[in-house]
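For the sequence shown, my numbering assigns the number 4 to the initial residue and increments by one for each residue that follows. Where a beta carbon is used, it is the ideal one built from N, C-alpha and C, also for glycine. Since the structure is predicted, the reported quantities are computational estimates derived from the model, not experimental observations.
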Amino acid sequence: MSSQHHLPPWLQADLQRLLRQSGHALLLQGAGGMGQLALGLALMRAWLCEQPQADGQACGQCPSCHALAVRAHADALVLMPEEEMLRQAWPLPDKAQRELDEKKRKPSKEIRVDAMRDAVEFCQRTNARGRGKAVLIYPAEAMNHITANTLLKTLEEPPGAVRFVLVSEAAHLLLPTIRSRCLSHAMQWPAPEQVLAWLQAQGISADAAQASLRAAGNSPEQALAIAQSPENLALCRKLPQVLKQGDAKTLQALPAAQQLAWLQKLCHDLMCLSQGAAPRFFAAADLPAKPPALRLLGRWAKALTQQARSIEHPYNQGLMTEALVAQARSILRT
Ligand SMILES: [Zn+2]
């Protein structure tokens, strides 16, 4: 599993700075895809490491680092909505796993109050390995009011050597009482040159790095995901063409949410063009020289937003894609 060596250089700098902080509760906040989860996990590894390096970072070798790498550290607790835990292959508590196995309920989209009660209990236990304990909460805005209030007292006066890292992609949704008890760290976008160099260091060609970073709206994590997926990478340049041809197959290879995200990016860029502004996600050369009328694009944007609301339950994904492509085609052909 990833050690600190896999953190991109700009997150390494953040990690160094945060390891010098003495507060027991950190809030990492920024837009999605800025790397705050990777940073939060790296902090947790460093806090619990038994032989930290001179700069305070985790060694990646000791029993504690190994236990975290296999996600079975007695002094580490990760709180996420169950859907997110499953997506990221974090083990669920036995009871929750059993309930899901027996189909008694669906995986939660929020951090459950039961899980938070267990976390409060976890904080009260003596730590097993002697380096204190660590709790990571992601995304922190997935705590509802009851869950957040269950955490409050422990966050204010942790019973022992417990440190918290709250990772947020929408910190404005957090209760002010939670925010005020944490030392806040705002994530910064790295310089594009730094991200391009990092992408290329992972074996991605200069062209692909450029195209994927642009398509990802400068998010390094999303750029890497795009660059590593041949289907997505091809769409960085070919989406307008694919749609104009009415080709639904190319998009059908992707999950519904990704299909919609691509269409929304294209619609956004065409709106920019129609107003004489520079596109953001696509190269101008790959977009139609004469964009459709703003009135049509506005209607398209609205329809895509409506689709996005029901995206988790498409009645039939194949039909949905065909309808989306037909709609895009009719607009691009005007
Ligand atoms: Zn270690």
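| Item | Value |
| --- | --- |
| Local Cβ density within 10 Å of residue 9, reported as buried at 16 or more and exposed below that | exposed |
| Test item: CB-CB of residue 311 and residue 263 under 7 angstroms | yes |
| Check whether residue 194 and residue 215 have beta carbons under 7 angstroms apart | no |
| Contiguous alpha helix (DSSP H) assignments of at least 4 residues, all confined to the region 45-96 | 66-72 and 85-90 |
| CB of residue 153 within 7 angstroms of CB of residue 119, strictly | yes |
| Residue 61 CB to nearest heavy atom of ligand 2 below 6 angstroms | By its list of ligands, the structure shown excludes ligand 2, since it contains just ligand 1. |
| Residue 175, buried or exposed, once every other Cβ within 10 Å from all chains shown has been counted against 16 | exposed |
| Cβ neighbour criterion (16 or more within 10 Å) applied to residue 5 | Model confidence at residue 5 stands at a pLDDT of 42, short of 50, so the residue's coordinates are unreliable; what they give is reported in the following sentence. Answer is exposed; the Cβ neighbour count stays below 16. |
| Beta-carbon proximity list for residue 212, same chain, < 7 angstroms, skipping 5 on both sides | 199, 202, 203 and 230 |
| Neighbourhood of residue 325 by C-beta distance below 6 angstroms, restricted to the same chain and skipping five residues each side | 251 |
| Buried versus exposed call for residue 180 [16 or more other C-beta atoms within 10 Å across all chains shown] | exposed |
| Touch test, the region 46-55 against the region 74-81, Cβ-Cβ under 8 angstroms, three pairs minimum | yes |
| Contact set for residue 304: own chain, Cβ-Cβ below 8 angstroms, skip 5 residues either direction | 267, 270, 271 and 274 |
| Distance cut-off 6 angstroms: residue 68 Cβ against heavy atoms of ligand 1 | yes |
| Residue 185 Cβ short of 6 angstroms to ligand 1 heavy atom set | no |
| Environment of residue 107 [buried if 16+ CB atoms lie within 10 Å] | exposed |
| Alpha-carbon spacing of residue 7 relative to residue 64, whole angstroms | Because the pLDDT of residue 7 is 42, which lies under 50, any placement of that residue in the model is unreliable, and the number read from its coordinates should be weighed accordingly. So the two alpha carbons sit approximately 11 angstroms from each other. |
| Per-residue burial, residue 301 [other beta carbons within 10 Å of its own, 16 or more giving buried] | exposed |
| Whole-angstrom distance between residue 258 and residue 292, CA atom to CA atom | 29 angstroms |
| Distance between residue 129 and residue 145 (C-alpha atoms, nearest Å) | 28 angstroms |
| Test item: CB-CB of residue 94 and residue 74 under 7 angstroms | yes |
| Secondary structure of residue 232, DSSP reduced to three states | coil |
| Rounded separation between residue 62 and residue 68 - CA only | 7 angstroms |
| Residue 126 CB to nearest heavy atom of ligand 1 below 6 angstroms | no |
| Contacting residues, own chain, Cβ-Cβ under 8 angstroms from residue 14 (five flanking each side not counted) | 38, 41, 42 and 45 |
| Terminal residues of the alpha helix (DSSP H) in which residue 125 lies | 116-127 |
| Cβ-Cβ distance between residue 109 and residue 84 below 7 angstroms | no |
| Residue 294 burial status per 10 Å Cβ neighbour count (16 or more: buried) | buried |
| As assigned by DSSP and simplified to three states, the class of residue 136 | strand |
| Residue burial classification, residue 104 (beta-carbon count within 10 angstroms, cutoff 16) | exposed |
| Residue interval of the alpha helix (DSSP H) (run including residue 171) | It is not in any alpha helix (DSSP H) - residue 171 instead sits in the beta strand (DSSP E) that spans 165-171. |
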